[in-house]
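Structure, as structure tokens:
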Amino acid sequence: MNSDADRNIILYGRKVTKTFGALRAVWQVDFKVKKNEIFGIIGPNGAGKTTLLSMINGTLKVTDGAIYYKDRNITNLKTHKIAELGISRTFQIVKPFPGMTLLENVSIGAMFGKDRIVNVKEAQDKTRSILSRLNLIEKEEVPVENLNVSERKRLELARALAMDPELILLDEVMAGSSSTDLEMIMRLIEELNKEGKTILLIEHVMKAIMSISHRIMVLHHGEKIAEDKPENISKNEKVISAYLGSRYAKMSWKNA
Ligand SMILES: Nc1ncnc2c1ncn2[C@@H]1O[C@H](COP(=O)(O)OP(=O)(O)OP(=O)(O)O)[C@@H](O)[C@H]1O
Ligand SMILES: [Mg+2]
């Protein structure tokens, strides 16, 4: 991590590995995410995408390898420590606090982030501004149990944002969204990126991830099989046969 090119790296993984018994869920994956980049991760179901994200934010311990954030070794640090350093994530399987409203759920995020807010009113004000950005403000008093899939996904995103991260890890936040919501989330990710945030994004919605990512890494059976600009990824033979399929490859990557 000493060359000039590497000074621009905010997140660096070296031979990151996770095994579950004999299963190589993530196998010796090297990656470098640049500051202020939108870095996409794609791959078939079970490829290891969520597992990799979980190792980055400390939800899962690595079996082998190392992860650095801003040149600091964060491998196997506790999740709350990693959040304090400025990394927050969303969960593919949304886990809101039951029995609480949307506003209460997101306010908790605001109180445990990088810049801890101890005042409840202040946390709620901050939460409301985030909920407005996500078109969720009218739902602030709704118990989380009554939110639909897309709203729950946006709740996850709101919770992550409430922690004031510099690096945001998004695990399929667009799944289950209408095309209007999808557009809104895509624009929001681009805006956050323009505001200086680095985004690591897992998504099966190809139209979205291909159009907003600067670079894409492809995982297959736990291994990295490609890493490139989206337009090259969509033409990559290995990626086509492992994931995209020939039908997709014949289409323009921008219009897919
Ligand atoms: N806690 C666990 N214990 C055992 N195996 C696990 C565990 N978590 C994940 N796996 C396995 O590791 C592999 C990678 O799973 P992972 O959830 O990371 O895939 P993914 O790429 O996120 O898939 P999807 O696109 O379906 O979300 C899968 O075979 C999965 O069954
Ligand atoms: Mg997953």
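Residues 279 to 534 in my numbering are what the sequence shown lists, from first letter to last.
We put the CB at the ideal spot given by N, CA and C, even for glycine.
Distance between residue j and residue i (C-alpha atoms, nearest Å)
{"i": "Ile-371", "j": "Arg-465", "result": "23 Å"}
{"i": "Leu-448", "j": "Ala-300", "result": "28 Å"}
{"i": "Val-398", "j": "Lys-373", "result": "22 Å"}
{"i": "Lys-507", "j": "Glu-315", "result": "12 Å"}
{"i": "Phe-375", "j": "Lys-513", "result": "42 Å"}
{"i": "Gly-360", "j": "Met-389", "result": "It should be pointed out that residue 360 corresponds to Ile in this sequence rather than to Gly. Their Cα atoms are separated by approximately 15 Å."}
{"i": "Met-462", "j": "Leu-478", "result": "18 Å"}
{"i": "Arg-525", "j": "Ile-518", "result": "With a pLDDT of only 47 at Arg-525, under the threshold of 50, the placement of this residue in the model should not be trusted; the figure read from the coordinates follows. Going from the Cα of Arg-525 to the Cα of Ile-518 covers about 9 Å."}
{"i": "Met-333", "j": "Gly-343", "result": "10 Å"}
{"i": "Trp-305", "j": "Phe-317", "result": "19 Å"}
{"i": "Leu-355", "j": "Gly-336", "result": "6 Å"}
{"i": "Gly-523", "j": "Ile-480", "result": "18 Å"}
{"i": "Asn-323", "j": "Met-452", "result": "16 Å"}
{"i": "Gly-454", "j": "Leu-460", "result": "9 Å"}
{"i": "Glu-505", "j": "Ile-511", "result": "7 Å"}
{"i": "Leu-414", "j": "Glu-429", "result": "7 Å"}
{"i": "Glu-509", "j": "Ala-486", "result": "13 Å"}
{"i": "Met-488", "j": "His-482", "result": "10 Å"}
{"i": "Asp-308", "j": "His-358", "result": "24 Å"}
{"i": "Tyr-521", "j": "Thr-329", "result": "18 Å"}
{"i": "Glu-400", "j": "Leu-425", "result": "24 Å"}
{"i": "Ser-379", "j": "Gly-387", "result": "One point to set straight first is that residue 379 is Thr, not Ser, in the sequence displayed. Near 13 Å, if we compare the C-alpha coordinates of Gly-387 and Thr-379."}
Residue of the options minimising C-alpha distance to residue i
{"i": "Arg-411", "options": "Val-422, Arg-432, Ala-401, Glu-423", "result": "Arg-432"}
{"i": "Lys-536", "options": "Gly-321, Met-484, Ile-446, Met-452", "result": "Residue 536 is absent from the structure shown; the chain starts at 279 and stops at 534."}
{"i": "Ile-352", "options": "Glu-450, Val-294, His-482", "result": "Val-294"}
{"i": "Thr-297", "options": "Lys-339, Ala-436, Lys-485", "result": "Lys-339"}
{"i": "Lys-404", "options": "Val-427, Thr-379, Ala-436, Asn-426", "result": "Ala-436"}
{"i": "Lys-475", "options": "Ile-320, Ala-438, Gly-377", "result": "Ala-438"}
{"i": "Leu-331", "options": "Thr-368, Thr-341, Arg-302", "result": "Thr-368"}
{"i": "Thr-341", "options": "Glu-416, Gly-387, Ala-303, Leu-409", "result": "Ala-303"}
Buried/exposed call for residue i, threshold 16 Cβ in 10 Å
{"i": "Arg-285", "result": "exposed"}
{"i": "Gly-326", "result": "buried"}
{"i": "Ser-407", "result": "exposed"}
{"i": "Thr-458", "result": "exposed"}
{"i": "Lys-516", "result": "exposed"}
{"i": "Val-311", "result": "buried"}
{"i": "Val-427", "result": "exposed"}
{"i": "Glu-450", "result": "buried"}
{"i": "Gly-377", "result": "exposed"}
Note to self: Using 8 Å as the cut-off, can you tell me whether the region 494 to 503 makes contact with the region 336 to 348, which would need three or more C-beta pairs spanning the two stretches below that distance?
What the structure shows: no
Notebook entry, point to check: Quick check: the region 483 to 493 against the region 288 to 301, are there 3 or more CB pairs under 8 Å?
Noted result: no
Check: Does the region 463 to 478 come within contact of the region 383 to 392, defined as at least 3 CB pairs closer than 8 Å?
Finding: These segments do not touch.
Margin query: Under 8 Å: do the region 433 to 442 and the region 355 to 370 share three or more Cβ pairs, one atom per stretch?
Written below: yes
Note to self: Does the structure place the region 421 to 437 close enough to the region 469 to 485 that three or more beta carbon pairs sit under 8 Å?
What the structure shows: no
Notebook entry, point to check: Residues near ligand 1, CB to any non-hydrogen atom under 5 Å, in chain order?
Noted result: Phe-298, Ala-303, Asn-323, Gly-324, Ala-325, Gly-326, Lys-327, Thr-328, Thr-329
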